[in-house]
Structure formats: structure tokens, C-alpha cells
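Please read the structure below before turning to the comments.
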Amino acid sequence: MQIYNTMTRKKEELVPIVPGQISMYACGPTVYNYFHIGNARPFIVFDTLRRYLEYRGYQVRFVQNFTDIDDKMIRRANEEDTTVKELGERFIKEYYQDADALGVVRATANPRATEHIQEIIDLVSTLVEKEHAYVTPGGDVYFSVRSFDGYGKLSGQNIDDLENGARVDPGEDKRDPLDFALWKAEKPGEPSWDSPWGKGRPGWHIECSAMSMSILGQTFDIHAGGQDLVFPHHENEIAQSEAATGKPFAHYWMHNGYINIDNQKMSKSAGNFFTVRDIAKEFDLEAVRMFMLSVQYRNPVNFSRELIQQAESGLERLRTARGRIKDAPIARGDSDEDEAFLASLNDFKTRFCNAMDDDLNTADALGVLFELARAANTFVSQPRGQAAVDATRALFDELTGVLGLLCHKKEEAFPQKAIDMLGERQKARKTKNFKRADELRDTLKDMGYAVEDTANGPKLKKLS
RNA sequence: GGCGCCAUAGCCAAGCGGUAAGGCAGAGGUCUGCAAAACCUUCAUCCCCGGUUCGAUUCCGGGUGGCGCCUCCA
Numbered sequence: 199m200q201i202y203n204t205m206t207r208k209k210e211e212l213v214p215i216v217p218g219q220i221s222m223y224a225c226g227p228t229v230y231n232y233f234h235i236g237n238a239r240p241f242i243v244f245d246t247l248r249r250y251l252e253y254r255g256y257q258v259r260f261v262q263n264f265t266d267i268d269d270k271m272i273r274r275a276n277e278e279d280t281t282v283k284e285l286g287e288r289f290i291k292e293y294y295q296d297a298d299a300l301g302v303v304r305a306t307a308n309p310r311a312t313e314h315i316q317e318i319i320d321l322v323s324t325l326v327e328k329e330h331a332y333v334t335p336g337g338d339v340y341f342s343v344r345s346f347d348g349y350g351k352l353s354g355q356n357i358d359d360l361e362n363g364a365r366v367d368p369g370e371d372k373r374d375p376l377d378f379a380l381w382k383a384e385k386p387g388e389p390s391w392d393s394p395w396g397k398g399r400p401g402w403h404i405e406c407s408a409m410s411m412s413i414l415g416q417t418f419d420i421h422a423g424g425q426d427l428v429f430p431h432h433e434n435e436i437a438q439s440e441a442a443t444g445k446p447f448a449h450y451w452m453h454n455g456y457i458n459i460d461n462q463k464m465s466k467s468a469g470n471f472f473t474v475r476d477i478a479k480e481f482d483l484e485a486v487r488m489f490m491l492s493v494q495y496r497n498p499v500n501f502s503r504e505l506i507q508q509a510e511s512g513l514e515r516l517r518t519a520r521g522r523i524k525d526a527p528i529a530r531g532d533s534d535e536d537e538a539f540l541a542s543l544n545d546f547k548t549r550f551c552n553a554m555d556d557d558l559n560t561a562d563a564l565g566v567l568f569e570l571a572r573a574a575n576t577f578v579s580q581p582r583g584q585a586a587v588d589a590t591r592a593l594f595d596e597l598t599g600v601l602g603l604l605c606h607k608k609e610e611a612f613p614q615k616a617i618d619m620l621g622e623r624q625k626a627r628k629t630k631n632f633k634r635a636d637e638l639r640d641t642l643k644d645m646g647y648a649v650e651d652t653a654n655g656p657k658l659k660k661l662s
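Each residue of the first sequence is one higher than the one before, starting from 199 at the first, in the working numbering.
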């Protein structure tokens, strides 16, 4: 599989450190609010990568953290008149609710920064010992950017150019404007932990280094996140981690593009965002997943309700195809056509994998899936051999499963009343009482159920 | 100022040297009591100008127009 590596700015063959295994870390949410649709992109994209790698037989260790202590957490907790701990607990729960609905498989581990304070302190201590970090009189600890030769290698930034634009807040005892905080001395009313430098709390960047390395080891395969984390967050992570260990940190750096609103980046600070929770009021979140996967992950994509509706329509086509395959009429014995179709199934699978192997080209893979849907629709329009139908269904489920699509069981459990009405309509049709039949169909529609007359009799379908 | 990305039909989006996948929407048709679904047909020479090449949407140069990072941010 080829993966675009931000570090080298080109696609590279994915070669795991340990054959057959992949270790990957993705920067997770700061749990101070519901996450928005832009935050959802990396969750969905890297979940899809994880699913695909597992599909291809890799044993994947996938770690995504929760940042549950930082400036935003503290500010929000004060606003809400609650504690940082309670705030974090609450929004971690909310995260899972939305992520589950988006079809995101639970990570192998979801470490929280506050549960890794010791590892953070150990890492900072090492950096101080190696003189890559220094302690200020006030009890802050800063990383010395100029002490690390490779600084800027990920983002392509030149250290001297950065110097010009760098900002120093008054009261900071930095030796160099580029230096960043590893440990922040306690301020009144803020959560704090004991450390060799007095009470305080970790800086943001060091959290991810400590959590990733303590779970995945000093060097691991893939580090992922949004494009806006390339600088400074990931650059800083590399500096800290490699300065401390003397080893390469991550082999591949993957960054997803933004979700835009009217071609402008969606962000919490800009205020032009939609939370996933809000979207869930109007749409099945599977449509959001579909929407995300309809674009290659590195490209920017605009968000709008219309686009989610388009995605929902496409999803419905896939859903219908699955239903038709599931209810396909079975012929006695196999035919040559069955054989031929069986053989063509492999081509679909190959093309699907080729697309995914090309830096997770889900848009292309989806195209293959739609072509499979059409071929299958045609194939099952007349009785076919059991083996061929089974294989078609298996492949269809397999490929939609890799993308995490069609996992919501929305056609289950119709109310008895609707089922009775459908039966009554069928009776009316038998006696050519089409007026009555159409009335019942209209009533069912008002109740939220569409009626489709298929070769196997009438079927109900829940309208979305 | 430094670093970088993008420009393909009404909308979304693949392709990236040999004359454009797929989806949504639209039009016509088959099927259907009528629908729905499905299937068939139909709907683009790829922002502009140069260059390289037998041949460029695809490579190179120059424009034009969007956007991002350099400050918390997926």
C-alpha cells in the first residue's frame, strides 16, 4: 500500500516496522465541547485506514488520545462552573456517542493526558537532563528549539524565517521566541500535579509524545492528524520525542484536509462550524461518513446540507442493492452465467483494493462499489444459483464493511400496524381496488414508510 | 515576507502522457394497474497563455482565481 508521507511530501510504500503489524497514533479531540464536522474527518478517515489495514491482514494497534487538560479545558470548566475532570468525563461520553453513530470503531486505546502525567514528567525530565529543555525561575519548563537540529523538517519551515514571525507573550521567560512550554507552573484555581519543578501541568505538545510512546514505543509506524497540526504541534512532537530518545519518532505522517464552509476553513475559533450532534438531528450520521469518504482524504471539501443529502441518496442506492441481493430469487442449480459473474467478482475486489492501496483513495473505491451495485442489481434480477448469490452478498458486505458503510440497521422492525396495512393494500390490489390500495400507500408514506412492489412481493422501506 | 495546497459537467468527485470512472440532480425509454426500485439511453475535450512530446486534463514555465499553515484549532 502506498501512503502519502507529509515528511517526504510523496507517496511511499507502507513498510511496517514489524511485518504484519501496524502501530498508529492519531491526535484526538480536546474534550471541552461536542466535536464538529471538521473534527469528524480524521476520526472517520483514520478509522477507515484502520479497517482497511485489518482487512488486508495487519494486526493494528490504533491509539487515539483525549486531551483532557489544557487552556481550553480550564477556561470552559470555569465558564460552566464545573471541574476540568467532570468536563472531560462528560465530553468523552459525548464523543463516543457521536463517534459510534459515525461508524468509528473504538480505538485499541484512548489514553487521557491526565492519566499519563507520570510519563509526561519522565519525558520532560529526560529532556532537561539532556539539555534540550530548561527550567525557568517561575517553574515553567521550555523546550529549546535550537537544540534540536531537525526542527522544521516536517513542515518545511525554516527556523530563521519562523523567528521573525514568532510571538512572545509578556511574562514568559523563554530564551528563544520559538521555544515552547513542556510544563506550565501552577496558576491559582487551575488543576496541578507535583513535579520536580514544583506544581504545574503539562503543555499540550508533550502530552501526545508521552502517550504515543508509552503505548506504542519510541518508534512507531504512522502518526496521523489534521493538516492544521503539522505546525507547530507535530513538529514539536518530533523535536521532543527524537531529542529525548535519539530515535526516529514515527515513520509515516498522514494529514487529512479540512472541511470548509463556503471555501473557508471550518473552525471553532472562527465560529463557522456545525457540530456532529446538530447534524444528527437532521441526518443519519452514516450519510456524513459517506460524504467524507466520497473525497480523497487529503483534499479539502466543502460542507453543506445539500452535499449530505447527495451522500444520503448515494447511500440509499447502496442500501437498496444490498436488500436486493439479500432477497435475490434463487434458481435450482448453477449456470454458466453464474460462473462468469462469480469470476467478475474478483475484478471488483481487486479494483477496490487497488484504489484503497493508492493512499486510501476512498472516492475511487466507492466508484467501484457503485459499479458492483449495478452489476449485482442486474445479476439478481432473475433467479440465480445459490453459490453465486452468496458470493455476491459476501463481497458486497465485505467491501461496504471496510468503508464502515451500511452498518446502521434501519430497515429492521416495522410496526405491526404498517405491516397490516401493507397486507390490506395487497388484498385491495388483488381485487383491482387500486383506489383503496393507493390510499393505503399514501397513508403509509405519511407514516414514514415507502412501499415497493418487488418480484418477491411488496416491501416496506423506512423513509429517511 | 517564509512554507504549501487547489482549479475536471447543474452539484459532488476519480483519473494525472494515448483523446474523460462513479454518485446526486435532469431528460427519454423498459418494467409496473399507477408508482417506487431496478435496468437501458442521454448529459464535459478538463481556468487561461506558452513550452516539451508523434500525442497533455495529465509534465514544465508564466498568468488568473480560490484556500491553508507560519497564533489555540482536525
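We treat Cβ as the ideally placed atom computed from N, Cα and C, and that holds for glycine. These numbers come from a predicted model, not from an experiment.
Look at the alpha carbon of tryptophan 198 and the alpha carbon of histidine 403, and state the distance between them as a whole number of angstroms.
Nothing about residue 198 can be reported from this structure: the residues present for the chain run from 199 to 662 only.
Secondary structure at proline 400, three-state DSSP: helix, strand or coil?
strand
So what does DSSP say about isoleucine 267, is it helix, strand or coil?
coil
Evaluate asparagine 454 with the Cβ neighbour count: other Cβ atoms within 10 Å of its Cβ, from every protein chain shown; 16 or more gives buried, anything less gives exposed.
buried
By Cβ distance below 8 Å, which residues in the same chain neighbour aspartate 555 in space, the five residues on each side in sequence not counted?
Met199, Gln200
Just to confirm before moving on: does the CB-CB distance between alanine 442 and leucine 321 stay below 9 Å?
yes
Between which two residues does the alpha helix (DSSP H) harbouring alanine 468 extend?
Taken as a continuous stretch (DSSP letters only), alanine 468 belongs to no alpha helix (DSSP H), as it is neither H nor E.
I'd like to check one pair, aspartate 338 with glutamate 370: are the Cβ atoms closer than 9 Å?
yes
Please state the DSSP three-state secondary structure of threonine 641.
helix
Span of the beta strand (DSSP E) holding threonine 652?
647-652
In the structure shown, what three-state DSSP assignment does isoleucine 457 receive?
strand
Quick check: what's the CA-CA separation for leucine 564 versus alanine 553?
9 Å
Would you kindly work out how many angstroms separate the C-alpha atoms of tyrosine 256 and glutamine 219, rounded to a whole number?
5 Å
Assuming proline 446 and isoleucine 267 form a contact by the criterion Cβ under 8 Å, report the distance between their Cβ atoms to the nearest whole angstrom.
Taking C-beta atoms under 8 Å as the contact rule, proline 446 and isoleucine 267 fail to qualify, at a distance of about 28 Å.
Looking at the structure shown, is threonine 204 part of a helix, part of a strand, or coil, going by DSSP?
coil
Could you have a look at glutamine 219 and say whether DSSP puts it in helix, strand or coil?
strand
Contact defined as beta carbons within less than 8 Å: I believe isoleucine 420 pairs with methionine 222. What is the distance between those atoms, to the nearest angstrom?
4 Å
Taking the alpha carbon of threonine 206 as the reference point, which residue from Gly354, Gly236, Asn237 has its own alpha carbon closest?
The shortest Cα separation from threonine 206 among Gly354, Gly236, Asn237 belongs to Gly354.
Taking only the alpha-carbon atoms, compute the straight-line gap between asparagine 470 and aspartate 426 and give it to the nearest angstrom.
Approximately 16 Å, taken between the alpha carbons.
Which residues mark the beginning and the end of the alpha helix (DSSP H) in which glutamine 508 is found?
For glutamine 508, the uninterrupted alpha helix (DSSP H) run begins and ends at 503-524, by DSSP.
Does the distance from the CB of threonine 473 to the CB of phenylalanine 289 come in under 9 Å?
no
Whose CA, out of Leu300, Arg623, Val243, lies closest to the CA of valine 486?
Leu300
Tell me, which residues are paired with glutamate 210 by DSSP?
Ile201
Could you check which residue in Tyr294, Lys385, Ala408, Glu405 has the C-alpha nearest to that of lysine 397?
Lys385
Mind checking whether arginine 572 and alanine 519 have CB atoms under 9 Å apart?
Taking 9 Å as the cut-off, the Cβ atoms of arginine 572 and alanine 519 count as close.
How many angstroms separate the CA atom of lysine 466 from the CA atom of arginine 475?
15 Å
Is the beta carbon of glutamate 388 closer than 9 Å to that of isoleucine 315?
no
Going by beta-carbon coordinates alone, are alanine 437 and tyrosine 349 separated by less than 9 Å?
yes
Sort out for me which residues DSSP pairs threonine 228 with in a bridge.
Thr265
Touch check for the stretch 227-245 and the stretch 581-594: three-plus C-beta pairs under 8 Å?
no
Starting from the C-beta of serine 393, find all residues in its chain whose C-beta is less than 6 Å away, skip the five residues before and the five after it, and write them out in chain order.
Ile319
For valine 663, which option in Gly415, Lys659, Leu247, Glu433 has the closest C-alpha, if you only look at C-alpha atoms?
Nothing about residue 663 can be reported from this structure: the residues present for the chain run from 199 to 662 only.
Could you name the residues of the same chain whose beta carbon sits closer than 7 Å to that of alanine 526, not counting the 5 residues immediately before and after it, in chain order?
Hits under 7 Å: Val578, Arg582, Val587.
Using the DSSP secondary-structure output, state which residues sit across from lysine 659 in a beta bridge.
Residue pairing of lysine 659 in beta bridges, as defined by DSSP: Ala648.
Just list the residues that DSSP pairs asparagine 500 with in beta bridges.
Asn458
Let me check understanding here. Comparing Cα to Cα, which of Glu292, Arg310, Phe260, Asn231 lies closest to lysine 270?
Considering only alpha carbons, the answer is Asn231.
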